[in-house]
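Mind the numbering: the sequence shown is residues 600 to 803 in my numbering, read in order.
Reviewing the structure listed below.
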Amino acid sequence: MKTNQHLEFVHPTDPISLRALLKEVDEIFDVQVTALSTLYNINKSAAKLTLGSSDRPKNLAQVCYQYAVEGKWSSQGHDNDADWLDLSAFVATGRIYVEHYGAAPPKALEKVLVMGGIRASLDSERSDIEGIPAVLEGLYSECLTLLEIAIMAQMSEKSVRNSTLPTAQDRLMTTKQGTRTVVELSEALRWLSGRRSFNPTQVI
Numbered sequence: 600m601k602t603n604q605h606l607e608f609v610h611p612t613d614p615i616s617l618r619a620l621l622k623e624v625d626e627i628f629d630v631q632v633t634a635l636s637t638l639y640n641i642n643k644s645a646a647k648l649t650l651g652s653s654d655r656p657k658n659l660a661q662v663c664y665q666y667a668v669e670g671k672w673s674s675q676g677h678d679n680d681a682d683w684l685d686l687s688a689f690v691a692t693g694r695i696y697v698e699h700y701g702a703a704p705p706k707a708l709e710k711v712l713v714m715g716g717i718r719a720s721l722d723s724e725r726s727d728i729e730g731i732p733a734v735l736e737g738l739y740s741e742c743l744t745l746l747e748i749a750i751m752a753q754m755s756e757k758s759v760r761n762s763t764l765p766t767a768q769d770r771l772m773t774t775k776q777g778t779r780t781v782v783e784l785s786e787a788l789r790w791l792s793g794r795r796s797f798n799p800t801q802v803i
């Protein structure tokens, strides 16, 4: 089972919205400007001139949010490998700033990247979805953990675990993979599709 590098920072019940996402992009960009001006002893205007604007990472965040959270996949087959790779690099930079400059952690952005990888696994058998970004294909897994399901359902892991009990109304069927409790993709998709907070992927 492959692990997304951002998974350790994600909490399933943390709210996520496009507005919060774009706000985080601006915050990271501002810290980038400050860091660059400090590192090279230049004024912030010169640093902004070097970095450009936050428009590009904002566009990346919006494209990735539409797939990861809203479940919208373009039928035009947009090749967004570069989008996901660039956003991942931008978020990784943001995490470095947390450690070295005391910046706020990019929680919403990290959650989008994690949800994108999980959704790619859920969509891996769909013939109508082509061109899944390579960075997400690299995260394909044949099963999901209860934590990953909780992230997609935006529920607590405890609530998901309770849904695996024999007495649960809509029981989530699990299996064992070594010592880990996991859920096969088809069962995960069936169960998630019954949750109001999950949007099954639609080709638009």
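C-beta: ideal position from N, C-alpha, C; glycine also.
For the pair of segments examined, the segment 725-733 was found not to touch the segment 622-638: the number of CB pairs separated by less than 8 Å stays below three.
When secondary structure is reduced to three states using DSSP, residue 783 falls in the strand class.
For the pair residue 799 and residue 620, the Cα-to-Cα distance works out to about 21 Å. Looking at the DSSP output, residue 686 bridges to nothing. A Cβ-Cβ distance of about 4 Å is found for the pair residue 735 and residue 719, placing them in contact under the 8 Å criterion.
Excluding sequence positions up to five before and after residue 739, its CB lies within less than 8 Å of the CB of 601, 719, 720, 723, all in the same chain and listed in chain order. Ranked by Cα distance from residue 659, the options 671, 684, 651 are led by 684. Residues 802, 803 of the same chain have their beta carbon placed closer than 7 Å to that of residue 674, with the five preceding and five following residues left out of the count.
For the pair residue 760 and residue 663, the Cα-to-Cα distance works out to about 28 Å.
In the three-state reduction of the DSSP assignment, residue 743 falls in the strand class, which pools E and B. Under a 10 Å Cβ-count criterion, residue 645 is classified as exposed, with fewer than 16 other Cβ atoms of the shown protein chains found around its own Cβ.
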